[in-house]
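Asks:
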Amino acid sequence: MATLSSPLRVCRGILKELRLIQGPSYKQSLAYNYVMDQFRKNKVTGERYCRAQQEAHHDSHTYLCLLASTRNHLFLHNLYHGKGERSPEEVAGLVGLRLPTQPGGKGWEK
Amino acid sequence: MLRSLVRFQSPFGNILSLSKVCRRSQNLGFASKYSTAAAERKRFYQDVSISQGEGGLYEINLDRRKLKTPGGKLFTVPNEALAIAVATEWDAQRDTLKFYTMHLTTLCNTALDNPTQRNKDQMISAALKFLETDTVCYRVDEPYGLVELQKNEWDPVLQWIENRYNVTIGSSSSILGPEIPEATKDTFRQHLNSYNFWSLTGLEYVITQLKSVVLSMGMIDRHLSVEQAVLLSRLEEEYQIQRWGNVEWAHDYDMYELRARTAAGTLFVHLSSESSSVKSKLMQD
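Protein chains in written order, with my numbering: chain A, 91 to 200; chain B, 3 to 287.
1) Counting along the chain, where does the alpha helix (DSSP H) carrying Asn165 (chain B) start and finish?
2) Given this structure, state the Cα-to-Cα distance separating Leu151 (chain B) from Val138 (chain B), to the nearest angstrom.
3) For Tyr255 (chain B), which three-state DSSP category applies?
4) If you count every other CB in all the chains shown that lies within 10 Å of the CB of His171 (chain A), and 16 or more means buried, which is it?
5) Looking only at its own chain, which residues have a Cβ that is under 6 Å from the Cβ of Thr210 (chain B), when we skip the five neighbours before and after it?
6) Could you have a look at Tyr60 (chain B) and say whether DSSP puts it in helix, strand or coil?
7) Output needed for Met221 (chain B): all residues of its chain with C-beta closer than 6 Å, excluding positions within five of it in sequence on either side, in chain order.
8) How about Ser201 (chain B) and Ser275 (chain B): are their beta carbons less than 8 Å apart?
9) Would you mind sorting Gly204 (chain B) into buried or exposed? The rule is 16 or more other CB atoms within 10 Å of its CB.
10) Would you list, in chain order, the members of the region 140-155 of chain A that have their beta-carbon closer than 8 Å to a beta-carbon of chain B?
11) Looking at the secondary structure, which residues open and close the beta strand (DSSP E) in which Gln54 (chain B) lies?
12) If distances are taken between C-alpha atoms only, which option among B:Asn248, B:Arg245, B:Leu260 comes closest to Leu234 (chain B)?
13) Look at the alpha carbon of Leu76 (chain B) and the alpha carbon of Ser159 (chain A), and state the distance between them as a whole number of angstroms.
14) Look up Leu154 (chain A) in the DSSP assignment and say whether it is helix, strand or coil.
15) In whole angstroms, what is the alpha-carbon distance linking Glu61 (chain B) and Met126 (chain A)?
16) Can you pull the chain B neighbours of Ala121 (chain A), defined as C-beta to C-beta under 9 Å?
17) Should Asp157 (chain B) be flagged as near chain A, meaning a C-beta pair shorter than 8 Å?
18) Buried or exposed, going by whether 16 or more other CB atoms sit within 10 Å of the CB of Asn121 (chain B)?
19) Residues of the region 223-249 of chain B in Cβ contact with chain A at a cutoff of 8 Å, in chain order, please.
20) Which chain B residues are close to Thr160 (chain A), counting only those with a beta carbon under 7 Å from its beta carbon?
21) Determine the extent of the alpha helix (DSSP H) in which Thr210 (chain B) is found, giving its start and end residues.
22) Show which residues of chain A have a CB atom less than 7 Å away from the CB atom of Ala83 (chain B).
23) Note down the Cα distance separating His167 (chain A) from Asp97 (chain B), rounded to an integer number of angstroms.
24) Out of curiosity, what's the CA-to-CA distance linking Ala182 (chain A) and Glu175 (chain A)?
25) Identify the contact partners of Leu164 (chain A) in chain C, using a Cβ-Cβ distance below 8 Å as the criterion.
26) Let me know the alpha helix (DSSP H) ranges lying completely inside the region 76-105 of chain B, each 4 residues or longer, listed in chain order.
27) Just checking: is the beta-carbon of Ile62 (chain B) within a distance shorter than 8 Å of some beta-carbon in chain A?
28) Let me see if you follow: with CB-CB separation under 8 Å, is Tyr116 (chain A) close to chain B or not?
29) With DSSP collapsed to three states, give me the class of Tyr140 (chain B).
30) Consult DSSP for Lys68 (chain B) and reduce its assignment to one of helix, strand or coil.
31) When the cut-off is 8 Å and only beta carbons count, does Ala128 (chain B) lie next to chain A?
32) Determine the chain A residues that contact Leu269 (chain B) at a beta-carbon separation under 8 Å, and present them in chain order.
33) Just the C-alpha distance for Ile111 (chain A) and Leu164 (chain A), rounded to the nearest angstrom, thanks.
34) For Lys288 (chain B), list the residues DSSP reports as bridge partners.
35) Tell me which residue opens and which closes the alpha helix (DSSP H) that Ile243 (chain B) is part of.
36) Given a threshold of 16 other Cβ atoms within 10 Å of its Cβ, counted over all protein chains shown, does Ser214 (chain B) qualify as buried or as exposed?
Encoded structure:
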């Protein structure tokens with residue numbers, strides 16, 4: 091139940107997400123430096139079952155999940171739920187009509 | 003329920019408090035985070051950086067201005083990792099600011115402002131109330147495949163938590179749910195009391211999202227990963243999806259949103275409750 095993918099895959103996943111967020115200059119970002127720092131620090135450990143290493147691994151997996159799911163959620167939102175309503179002009183244009191104009195403006199408009 | 007409503011309303015321009023914040027900001031030279039427009043906020047900054055203020059607390063700077071909570075307080079974070087994650091969230095915004103994707107920021111705002119004025123005991127009681135209607139304890143009798151699935155997937159988690167905390171939580175298929183003995187609740191109450199206020203905010207958020215105390219504790223204790231916990235929480239939905247098919251704009255949308263929120267909550271709890279120091283030892287041959 092607690093098997094996670096290897097730290098290398100998680101690290102590469104996080105870097106890919108950061109690259110998608112930041113663009114080509116992702117290596118100067120704060121998150122990149124911090125993440126690489128943490129991975130390097132936790133790589134070598136003296137004990138066979140090091141709790142801090144397991145915790146850091148779980149946290150990195152959680153962060154990867156966070157980045158990936160916010161990106162996917164935003165993508166799906168824009169794809170399916172982002173459009174909103176059409177304006178009256180567009181609706182009229184769908185059937186080839188135009189809205190009537192009143193030269194002096196309607197009564198309540200300035 | 004109420005807290006999440008409050009949390010949703012606050013980013014979108016609480017018009018009454020905004021005018022006060024704006025006037026204050028003109029005097030102090032700090033800019034408020036939200037403008038008076040109720041429409042979408044455009045991204046008004048180029049760089050996001052963090053700095054360490056007094057007391058060792060970290061602050062976020064957007065261009066030159068310091069970030070503030072919707073309540074007007076200065077946005078401070080106890081540790082660096084959380085500050086960097088929040089800064090990354092703000093940096094990820096393009097064109098317009100979409101507050102519903104900035105889960106960590108929202109959690110920090112809630113912890114700092116405490117808009118519903120709750121203390122630790124109230125939060126712990128609210129969290130434990132979920133135990134009586136825990137997802138993992140509610141079983142069905144009907145489609146046999148679902149019964150099997152629930153038994154195979156949820157029983158191990160129940161056993162794990164019963165062993166770990168030395169409590170008894172049964173599972174039941176009646177409409178009233180399982181009977182939780184008082185001793186169980188006391189054990190959990192004692193355990194939850196050991197977390198600080200920020201961690202409790204995050205933990206309660208996760209419990210509300212997953213609708214289960216058992217799964218949340220499993221994730222906080224690093225027994226389950228986020229994807230596994232979300233899968234177990236949505237077990238019946240997954241069963242129906244396998245039977246009837248997946249609807250991307252509903253199922254996947256909900257799943258990613260749940261994953262994002264749960265991951266943010268878990269990360270928030272872990273970062274708020276731990277402190278780390280590096281001890282480097284030399285290799286001895």
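All C-beta atoms, glycine included, are put in the ideal place defined by N, C-alpha and C.
Replies: In brief:
1) As a working note, residue 165 (chain B) is residue 163 in the second sequence. From DSSP, the alpha helix (DSSP H) with Asn165 (chain B) extends over 146-167.
2) For this step, residue 151 (chain B) is matched to residue 149 along the second sequence. For this step, residue 138 (chain B) is matched to residue 136 along the second sequence. Between Leu151 (chain B) and Val138 (chain B), the C-alpha separation is close to 12 Å.
3) For this step, residue 255 (chain B) is matched to residue 253 along the second sequence. Helix at Tyr255 (chain B).
4) What you label residue 171 (chain A) is simply residue 81 of the first sequence in a count that begins at 1. It is exposed - the Cβ of His171 (chain A) has fewer than 16 other Cβ atoms within 10 Å.
5) To locate residue 210 (chain B), count along the second sequence from 1; it is residue 208. So the list is empty, once near-sequence residues are dropped.
6) As a working note, residue 60 (chain B) is residue 58 in the second sequence. Strand at Tyr60 (chain B).
7) By 1-based counting over the second sequence, the position of residue 221 (chain B) is 219. Excluding positions up to five away in sequence, the list reads Ala231, Thr268.
8) Start at 1 with the first residue of the second sequence, and residue 201 (chain B) comes out as number 199. Start at 1 with the first residue of the second sequence, and residue 275 (chain B) comes out as number 273. Their beta carbons are under 8 Å apart, which means Ser201 (chain B) touches Ser275 (chain B) by this criterion.
9) For the purposes of this step, residue 204 (chain B) is identified with residue 202 of the second sequence, where counting begins at 1. Buried, by the Cβ-count rule.
10) Ala142, Gln144, Glu145, His148, Asp149, His151, Thr152, Tyr153, Cys155
11) Taking the second sequence and counting its residues from 1, one reaches residue 54 (chain B) at position 52. 50-54 is the extent of the beta strand (DSSP E) around Gln54 (chain B).
12) Here residue 234 (chain B) corresponds to residue number 232 of the second sequence, with the count starting at 1. Considering only alpha carbons, the answer is B:Leu260.
13) In the second sequence, residue 76 (chain B) corresponds to position 74, counting from 1. In the first sequence, residue 159 (chain A) corresponds to position 69, counting from 1. So the two alpha carbons sit approximately 29 Å from each other.
14) In the first sequence, counting from the first residue as 1, residue 154 (chain A) sits at position 64. It is helical.
15) For the purposes of this step, residue 61 (chain B) is identified with residue 59 of the second sequence, where counting begins at 1. For the purposes of this step, residue 126 (chain A) is identified with residue 36 of the first sequence, where counting begins at 1. Their backbone Cα atoms lie some 22 Å apart in a straight line.
16) Locating residue 121 (chain A) in the first sequence gives position 31, counting from the first residue. Those are Ile86, Ala87, Ala89, Thr90, Asp93, listed as they occur along chain B.
17) Working through the second sequence from its first residue, we reach residue 157 (chain B) at position 155. No, Asp157 (chain B) lies away from the interface with chain A (no Cβ there is under 8 Å from its Cβ).
18) Numbered from its first residue, the second sequence carries residue 121 (chain B) at position 119. By the 10 Å Cβ count, Asn121 (chain B) comes out exposed.
19) Arg224, His225, Leu226, Ser227, Val228, Glu229, Gln230
20) What you label residue 160 (chain A) is simply residue 70 of the first sequence in a count that begins at 1. In chain order: Thr103, Ala262.
21) Counting from 1 along the second sequence, the entry for residue 210 (chain B) is found at position 208. Counting along the chain, the alpha helix (DSSP H) containing Thr210 (chain B) begins and ends at 199-212.
22) As a first step, residue 83 (chain B) is located in the second sequence; it is residue number 81 there, counting from the start. Neighbours of Ala83 (chain B) on chain A, chain order: Tyr124.
23) Here residue 167 (chain A) corresponds to residue number 77 of the first sequence, with the count starting at 1. Here residue 97 (chain B) corresponds to residue number 95 of the second sequence, with the count starting at 1. Cα to Cα, His167 (chain A) sits roughly 16 Å from Asp97 (chain B).
24) Along the first sequence, read from residue 1 onward, the residue named residue 182 (chain A) stands at position 92. Along the first sequence, read from residue 1 onward, the residue named residue 175 (chain A) stands at position 85. So the two alpha carbons sit approximately 13 Å from each other.
25) Among the protein chains of the structure shown, namely A and B, there is no chain C.
26) 82-93
27) The count along the second sequence starts at 1 and reaches residue 62 (chain B) at position 60. No, because no Cβ of chain A sits closer than 8 Å to the Cβ of Ile62 (chain B).
28) On the first sequence, residue 116 (chain A) is found 26 positions in, with the first residue counted as 1. False, the Cβ-Cβ gap to chain B never drops below 8 Å.
29) Walking along the second sequence from the start, residue 140 (chain B) turns up at place 138. Tyr140 (chain B) falls in the strand class under three-state DSSP.
30) Translated into positions along the second sequence, residue 68 (chain B) becomes position 66. DSSP places Lys68 (chain B) in strand when its eight states are reduced to three.
31) Counting from one through the second sequence, the residue named residue 128 (chain B) turns up at place 126. False, the Cβ-Cβ gap to chain A never drops below 8 Å.
32) As a first step, residue 269 (chain B) must be located in the second sequence, where it is residue number 267. Chain A residues near Leu269 (chain B): Asp149, Thr152, Tyr153, Leu156.
33) As a position in the first sequence, residue 111 (chain A) is number 21, starting the count at 1. As a position in the first sequence, residue 164 (chain A) is number 74, starting the count at 1. Ile111 (chain A) and Leu164 (chain A): Cα-Cα distance of roughly 12 Å.
34) This structure cannot speak to residue 288 (chain B), because chain B is shown only from 3 to 287.
35) Counted from its first residue, the second sequence places residue 243 (chain B) at position 241. First-last of the alpha helix (DSSP H) with Ile243 (chain B): 237-246.
36) For the purposes of this step, residue 214 (chain B) is taken as residue 212 along the second sequence, with counting starting at 1. Counting Cβ neighbours within 10 Å, Ser214 (chain B) comes out buried, since at least 16 surround it.
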